[in-house]
Structures are given as C-alpha cells and as structure tokens.
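In the numbering used here, the protein residues as written are -15 to 76.
For each residue, glycine too, the CB sits at the ideal point set by N, CA and C.
One structure is given below, encoded as structure tokens.
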C-alpha cells in the first residue's frame, strides 16, 4: 500500500484531488457471487449506481458501462434494484 501523507502536509481545508488519492481495492473478499450485466437490456436508469454502497458501478457518458470488480463485494443490491432484470448475480 502506498504511504499516506501526514496530516501536516495536506493542503489547507484537507482537500484531496481524486487523481492523487489512494484507491482502495476491496473486491478481494466478495461474497462468492459477482454481478453480470445484460447491456442491451439495460435502460440506463442508473438505480444500480445510486444504490451501490461500494461505488462499483462504472458510468461513462451518463450511461451504465459495467462493474468495477476491484470494488464490488457481491452484495447484489444492484441486481435487486434493476427494474428490468438486466443484472444477474453469477458464481465466481
């Protein structure tokens, strides 16, 4: 893991630019299932993005673009909230 910056060296107000922040990888202890999307069936409602507790939904140009499996823990909330059933949980 990269070395953390001591608090004394942070900019005033403690703001950290996203491109300099350490990106945590938490998907290594997933539940045993991972989400899989049927992109043609997706209606881009982005409820999956709204409800995902791990910020594992990838969005590009305001459209669903898949999952970040380095962040996904397999909670299946995305599959539960998908109104058209475009997301299914599959065994790892």
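So, at 7 angstroms on beta carbons, what are the nonlocal neighbours of residue i in its own chain, with the 5 sequence-adjacent residues on each side left out?
i          : result
residue 72 : 20, 63
Going straight from the alpha carbon of residue i to that of residue j, what length do you get?
i          : j           : result
residue 54 : residue 40  : 8 angstroms
residue 47 : residue 74  : 22 angstroms
residue -7 : residue 10  : 27 angstroms
residue 26 : residue 38  : 20 angstroms
residue 22 : residue -3  : 43 angstroms
residue 29 : residue 52  : 18 angstroms
residue 24 : residue 12  : 28 angstroms
residue 7  : residue -13 : 12 angstroms
residue 0  : residue 15  : 31 angstroms
residue 61 : residue -11 : 34 angstroms
residue -9 : residue 3   : 18 angstroms
Which whole-angstrom value describes the C-beta separation of residue i and residue j, a residue pair presumed to lie in contact below a C-beta threshold of 8 angstroms?
i          : j          : result
residue 35 : residue 68 : Their Cβ separation, rounded to whole angstroms, is 15 angstroms, which puts residue 35 and residue 68 out of contact at 8 angstroms.
residue 56 : residue 18 : 6 angstroms
Just to confirm my understanding: we take residue i, look at its own chain, exclude 5 residues before and 5 after, and list those with CB closer than 8 angstroms. What are they?
i          : result
residue 33 : 41, 43, 48
Name, in chain order, the residues that DSSP records as bridge partners for residue i.
i          : result
residue 17 : 75
residue 50 : 42
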